[in-house]
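Step one of this worksheet: look at the structure below.
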């Protein structure tokens, strides 16, 4: 058992870190309010420094205590822990206001919560167990999206050249239709386009159900496995 398992993963330490993660996300959200006074902004900035110091210490300790350090550094939690503090240190040498993506990386801290929640850990385990099947499902979904975009472009381009000017524009309609969101900003007006849309909707229900059922099966298997390991052993 690693040293971090004896300290950072204990309920009190884990709970404190989880609360700090949530507090840092709330603070980041408060920073976006335009009406904040300079004093409040300074307080939030100081709190961010405190959060980064704690998360940096956590990262260094987990790296020190990891049996295989390279595996930790390039593992999921190692990358998340690094991204959680990286924007602060980059902000010391780069103006993050011009690189919004780096500021958004602070929200990666929410992923750190997965380490402290058994249900989230089960989700992560289920994802790893079904990653190959889910990848195939995503490939099938991508092909279906392209075929849907190609089909609606064929039916609607002449009738609505401004909305279906290319297959790439038609992809927006395909995503909204296959996901059953249906924003309503782009829709077919021809008979052929409407009939095609009907078949796309019917088929998309089955396509979306594939990864859902795969993940649900994997999650159920993980729950049964954990329940079996935690149950009383027979003598």
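Residue numbers (our numbering): 1076 to 1310.
From the three backbone atoms N, C-alpha and C, an ideal C-beta is built for every residue, glycine too.
All figures in this text were calculated on a predicted structure; none of them were measured in a lab.
(message) For the structure I just gave you, are there three or more beta carbon pairs, one from the stretch 1218-1234 and one from the stretch 1181-1199, closer than 8 Å?
(response) no
(message) Check this for me: beta carbons of residue 1119 and residue 1133, under 8 Å apart or not?
(response) What you label residue 1119 is simply residue 44 of the chain shown in a count that begins at 1. What you label residue 1133 is simply residue 58 of the chain shown in a count that begins at 1. The answer is no: Cβ separation not under 8 Å.
(message) Taking the alpha carbon of residue 1090 as the reference point, which residue from 1244, 1204, 1191, 1222 has its own alpha carbon closest?
(response) For the purposes of this step, residue 1090 is taken as the residue at position 15 of the chain shown. It is 1191 whose Cα lies nearest to the Cα of residue 1090.
(request) Please work out which residues of its chain come closer than 8 Å, Cβ to Cβ, to residue 1298, disregarding the five sequence neighbours upstream and downstream, and give them in chain order. (result) In the chain shown, counting from the first residue as 1, residue 1298 sits at position 223. Same-chain partners within the cutoff: 1197.
(message) Just to confirm the assignment, what range does the alpha helix (DSSP H) spanning residue 1118 have?
(response) As a position in the chain shown, residue 1118 is number 43, starting the count at 1. Here the alpha helix (DSSP H) through residue 1118 covers 1113-1140.
(request) For the alpha helix (DSSP H) containing residue 1229, list its first residue and its last residue. (result) For this step, residue 1229 is matched to residue 154 along the chain shown. Per DSSP, residue 1229 belongs to the alpha helix (DSSP H) from 1206-1231.
(request) Use the C-beta contact count for residue 1156: other C-beta atoms within 10 angstroms, 16 or more gives buried, fewer gives exposed. (result) As a working mapping, residue 1156 is identified with position 81 in the chain shown. Buried, by the Cβ-count rule.
(request) Assign residue 1307 to buried or exposed, taking buried as 16 or more other Cβ atoms, counted over all protein chains shown, within 10 Å of its Cβ. (result) Within the chain shown, numbered from 1, the residue matching residue 1307 stands at position 232. Model confidence at residue 1307 stands at a pLDDT of 49, short of 50, so the residue's coordinates are unreliable; what they give is reported in the following sentence. By the 10 Å Cβ count, residue 1307 comes out exposed.
(request) Just tell me which of 1137, 1223, 1100, 1142 has its CA closest to the CA of residue 1183. (result) Looking up residue 1183 in the chain shown gives position 108. The shortest C-alpha separation from residue 1183 is found at 1100.
(request) Identify which residue in 1125, 1194, 1143 has its Cα closest to the Cα of residue 1295. (result) Position 220 of the chain shown, counted from the first residue, corresponds to residue 1295. If we check each option's Cα against that of residue 1295, 1194 comes out closest.
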